[in-house]
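Visitor: Pasting a structure here, questions to come.
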Amino acid sequence: MNEFLGPYGKSTIVLMQVQFESELPKLKDLKRLLNISDGIYYKASGRHSRSVEQLTNCLTLIAGGGQEESVTCPTHYLVTQSDIYMNDLLLMKYAATIIAGFNLTEAAMKELAQLLQTYHELDWRTSSCLRFKTTLEENQEWAEQTGVEDPTLRNPNYEACDQVLNDYGTAAEAQVTARLTAWYDKYYWKTRPPKSAISLQPQPEHSGVVLTSATSELAVDDVTTVITESV
49 MNEFLGPYGK STIVLMQVQF ESELPKLKDL KRLLNISDGI YYKASGRHSR
99 SVEQLTNCLT LIAGGGQEES VTCPTHYLVT QSDIYMNDLL LMKYAATIIA
149 GFNLTEAAMK ELAQLLQTYH ELDWRTSSCL RFKTTLEENQ EWAEQTGVED
199 PTLRNPNYEA CDQVLNDYGT AAEAQVTARL TAWYDKYYWK TRPPKSAISL
249 QPQPEHSGVV LTSATSELAV DDVTTVITES V
């Protein structure tokens with residue numbers, strides 16, 4: 049079971065970036081605008097940092113159209129009940145804090161991990177081949193400096209090399225990027241859902257520091273705050 053998503057294996061994850069933990073969205077706003085009864089803030093650098101990194105990597109690749117593009121790195125993330133939808137008012141109020149939100153399952157995280165692995169393997173394979181022309185140039189310079197007489201080193205066929213490497217791997221990159229985009233579109237949280245779509249399933253109990261609407265105590269571990277609603 050992926051502990052990142054809690055004991056039920058599915059949760060809504062909201063990535064956030066703040067300078068101080070007191071800047072995290074308050075209980076009353078989350079309860080009212082997201083229609084949730086509980087949630088937990090974790091530090092992004094905690095024990096599930098790898099899962100947070102995967103979500104961030106997905107965002108960077110989507111933003112860059114398949115290329116690494118710098119995005120705001122999360123400092124914290126909220127874990128709450130599954131199938132929660134974004135609220136435009138919350139996004140407007142905390143536009144500088146909220147980076148992205150996802151409705152996730154274990155299967156979704158496994159799929160993302162595989163997609164990212166495929167992307168990085170493809171990047172390594174294409175980069176190693178695209179360096180071949182640079183290697184030819186370096187070898188040509190070396191042969192000239194050392195006086196080695198070999199026409200394949202002294203006069204490599206750069207035109208043939210260009211024909212092979214032109215657009216090498218670009219179709220594959222587009223395919224993998226399209227798969228990542230489809231994953232993003234499927235699991236990125238949506239706005240304005242039908243009321244019947246909001247999950248009413250019972251939620252697990254979490255240990256941590258209770259966050260009230262007036263206070264925000266901080267824990268020493270990667271769990272920073274727990275948001276609960278009194279019964």
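Residue numbers (the working numbering): 49 to 279.
A virtual CB, placed ideally from N, CA and C, is assigned to each residue, including glycine.
1) Quick one: what's tyrosine 236 bridged to in DSSP?
2) What does a CB cutoff of less than 6 Å around phenylalanine 68 pick up in its chain, not counting 5 residues either side in sequence?
3) How would you label leucine 137, buried or exposed, when you count the other beta carbons within 10 angstroms and need 16 or more for buried?
4) Using a beta-carbon distance below 8 Å, is valine 127 in contact with chain C?
5) Since isoleucine 88 is in the beta strand (DSSP E), which residue starts that stretch and which ends it?
6) What are the start and end residues of the alpha helix (DSSP H) that includes isoleucine 110?
7) I need the straight-line Cα distance from isoleucine 61 to leucine 126, nearest angstrom please.
8) Using the rule of at least 16 other Cβ atoms within 10 Å of the residue's Cβ for burial, across every protein chain shown, is serine 82 buried or exposed?
9) Compare the Cα-Cα distances from cysteine 177 to each of Val212, Gln65 and Ala111 and report the closest residue.
10) List the DSSP bridge partners of isoleucine 61.
11) So phenylalanine 150 packs on leucine 103, CB below 8 Å; how close in whole Å?
Guide: Taking the definition as stated:
1) What you label residue 236 is simply residue 188 of the sequence shown in a count that begins at 1. Answer is Phe150.
2) As a working mapping, residue 68 is identified with position 20 in the sequence shown. For phenylalanine 68, where only same-chain residues beyond five positions count, there are no Cβ hits under 6 Å.
3) Within the sequence shown, residue 137 is the residue found at index 89, counting from 1. Leucine 137 should be labelled exposed.
4) Note that chain C does not occur in the displayed structure, where there is just one protein chain.
5) Position 40 of the sequence shown holds residue 88. For isoleucine 88, the enclosing beta strand (DSSP E) starts and ends at 86–91.
6) What you label residue 110 is simply residue 62 of the sequence shown in a count that begins at 1. Note, isoleucine 110: alpha helix (DSSP H), 97–111.
7) As a position in the sequence shown, residue 61 is number 13, starting the count at 1. As a position in the sequence shown, residue 126 is number 78, starting the count at 1. The alpha-carbon of isoleucine 61 is positioned some 6 Å away from that of leucine 126.
8) Here residue 82 corresponds to residue number 34 of the sequence shown, with the count starting at 1. With the sequence shown as reference, residue 82 is identified as leucine, and serine is not the correct amino acid for it. Answer is buried; the Cβ neighbour count reaches 16.
9) One-based indexing of the sequence shown puts residue 177 at position 129. Answer by Cα proximity: Val212.
10) In the sequence shown, counting from the first residue as 1, residue 61 sits at position 13. Looking at the DSSP output, isoleucine 61 sits in a beta bridge with Val127 and Phe150.
11) By 1-based counting over the sequence shown, the position of residue 150 is 102. By 1-based counting over the sequence shown, the position of residue 103 is 55. About 6 Å separates the two Cβ atoms, so the contact holds.
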